[in-house]
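Student: Last residue of the sequence shown: number 494 in this note's numbering, and the count goes up by one each step with no gaps.
Here a beta-carbon is modelled for each residue, glycine too, at the ideal position from N, C-alpha and C.
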Amino acid sequence: MLGTIVNALAIIIGGMLGLLLRKGIPDNYKSTVMQGLGLSVLVIGLMGAFKSENILLLIFSIVLGGIIGEKIRISDRLDNLGLWIEGKTGKGEGSVAKGFVTASLIYCIGAMAIVGALESGLTGNHQTLYAKSLLDGISSIIFASTLGIGVVFSAAAVFIYQGIITITAGALRYLLVEDVIREMSAIGGLLIVGISFNILEIKRIPVANMLPAVFLPILYQLLQPVFISITAIIHNIF
């Protein structure tokens, strides 16, 4: 958990610095910076998504994950949590909720969040999360300067999300082979592309509702022997 704790603290510290800088940045500069961030997030997402070597699994995971997410209304719940935080901080106009949701998704579903948390839980190696902490800390300065205090609260989401992955990694050790981790990271990259569309206001995509997709390669790995058996039976019949 040490890597996740450091990561959360880095976001808080960077976010607070960003808030100090926010008042001195004109609105037109903030708009330009956000567009630049959106383009950067798009590139990061594409780089991750292109690593997939099982495109059918990626498509299946996104579709089924989206259905699961819609059923349990992850996006609505995350938005409501952001609005609740907004109410407690006395801020208005949805600024806190937007910053919280956007930053939480960016910091949680990237490849480094998944791989780093798994390494931390499986081997006790926190180096990936330390590197992620540095990147998140720097980016949180920029995000907070444009999106506001909601970015700071995203540290809690990162702590819970990565913490759960770290704690459960040991129990799922035999399923977390290289192929599974790669596909989980690729799906996370594709979801980050969706976030970039939201930032750039190209199309509103309920990325949070697709979060279950990230973990479906684990289910695929668990059921793979069944699929192989069914395929063998069909082959013998025909």
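Distance, Cα to Cα, residue 259 vs residue 334?
Tutor: Roughly 24 Å separates the two Cα atoms.
Student: Since residue 363 contacts residue 267 with CB under 8 Å, what's their CB separation in whole angstroms?
Tutor: Correct: roughly 7 Å between the Cβ atoms.
Student: Return helix, strand or coil for residue 438, following the three-state DSSP convention.
Tutor: Reduced to three states, the DSSP call for residue 438 is helix.
Student: Going by DSSP in three states, residue 427 sits in which element: helix, strand or coil?
Tutor: Looking at residue 427 - three-state DSSP - the assignment turns out to be coil, as it is neither helix nor strand.
Student: On the three-pair Cβ rule with 8 Å, is the segment 272 to 290 touching the segment 394 to 413?
Tutor: With the cut-off at 8 Å, the segment 272 to 290 and the segment 394 to 413 touch.
Student: Got a sec, what are the start and stop residues for the alpha helix (DSSP H) residue 278 sits in?
Tutor: Counting along the chain, the alpha helix (DSSP H) containing residue 278 begins and ends at 258 to 278.
Student: Measuring CB atoms only, is the segment 457 to 476 touching the segment 309 to 322, in the sense that at least three cross pairs come out at less than 8 Å?
Tutor: Judged by Cβ distances under 8 Å, the segment 457 to 476 makes contact with the segment 309 to 322, as three or more pairs qualify.
Student: What whole-angstrom Cβ distance do residue 462 and residue 331 have, given they're in contact under 8 Å?
Tutor: With 8 Å as the limit, residue 462 and residue 331 qualify as a contact, their Cβ atoms being about 4 Å apart.
Student: Give every residue of the same chain whose Cβ lies closer than 6 Å to the Cβ of residue 360, excluding the five residues on either side of it in the sequence, and list them in chain order.
Tutor: So the list reads 410 and 413, once near-sequence residues are dropped.
Student: Considering only residues of the same chain and omitting the five flanking positions on each side of residue 378, which have a CB-CB separation below 8 Å?
Tutor: Taken in chain order, the residues that qualify are 425, 426, 429 and 432.
Student: Rounded to the nearest angstrom, how far is the Cβ of residue 455 from that of residue 270, given a contact under 8 Å?
Tutor: About 18 Å; that fails the 8 Å criterion.
Student: So residue 307 and residue 445 are supposed to be a Cβ contact under 8 Å. How far apart are they, rounded?
Tutor: At roughly 7 Å, the Cβ-Cβ gap stays under 8 Å, so residue 307 and residue 445 are in contact.
Student: What is the DSSP secondary structure of residue 321, reduced to helix, strand or coil?
Tutor: DSSP places residue 321 in helix when its eight states are reduced to three.
Student: Quick test of your reading: residue 405 and residue 352, contact by CB under 8 Å. State the CB separation rounded to the nearest angstrom.
Tutor: About 6 Å separates the two Cβ atoms, so the contact holds.
Student: What's the C-alpha gap between residue 264 and residue 478?
Tutor: C-alpha separation (whole angstroms): 31 Å.
Student: With distances taken from CA atoms, which of 257, 282 and 418 is nearest residue 366?
Tutor: Measuring from the Cα of residue 366, the nearest candidate turns out to be 418.
Student: Could you give the distance in angstroms between the alpha-carbon of residue 382 and the alpha-carbon of residue 389?
Tutor: Straight-line Cα distance between these residues: approximately 10 Å.
Student: Does the Cβ of residue 303 have 16 or more other Cβ atoms within 10 Å, making it buried, or fewer, making it exposed?
Tutor: With fewer than 16 other Cβ atoms within 10 Å, it is exposed.
Student: With 16 as the cutoff for other CB atoms within 10 Å, does residue 495 come out buried or exposed?
Tutor: Only positions 257 to 494 of the chain appear in the structure, and residue 495 is not among them; the question remains open.
Student: Can you name, in chain order, every residue of its own chain whose Cβ lies under 6 Å from the Cβ of residue 450, other than the five neighbours on each side?
Tutor: If we look at residue 450 and ignore the five residues flanking it on each side, its Cβ neighbours are 461 and 463.
Student: Which same chain residues end up closer than 6 Å to residue 355 when comparing Cβ atoms and leaving out the 5 residues on each side of it in sequence?
Tutor: 403, 404, 406 and 407, listed in sequence order.
Student: What does a CB cutoff of less than 8 Å around residue 301 pick up in its chain, not counting 5 residues either side in sequence?
Tutor: The residues are 445, 446, 447, 448, 449, 450, 451 and 452.
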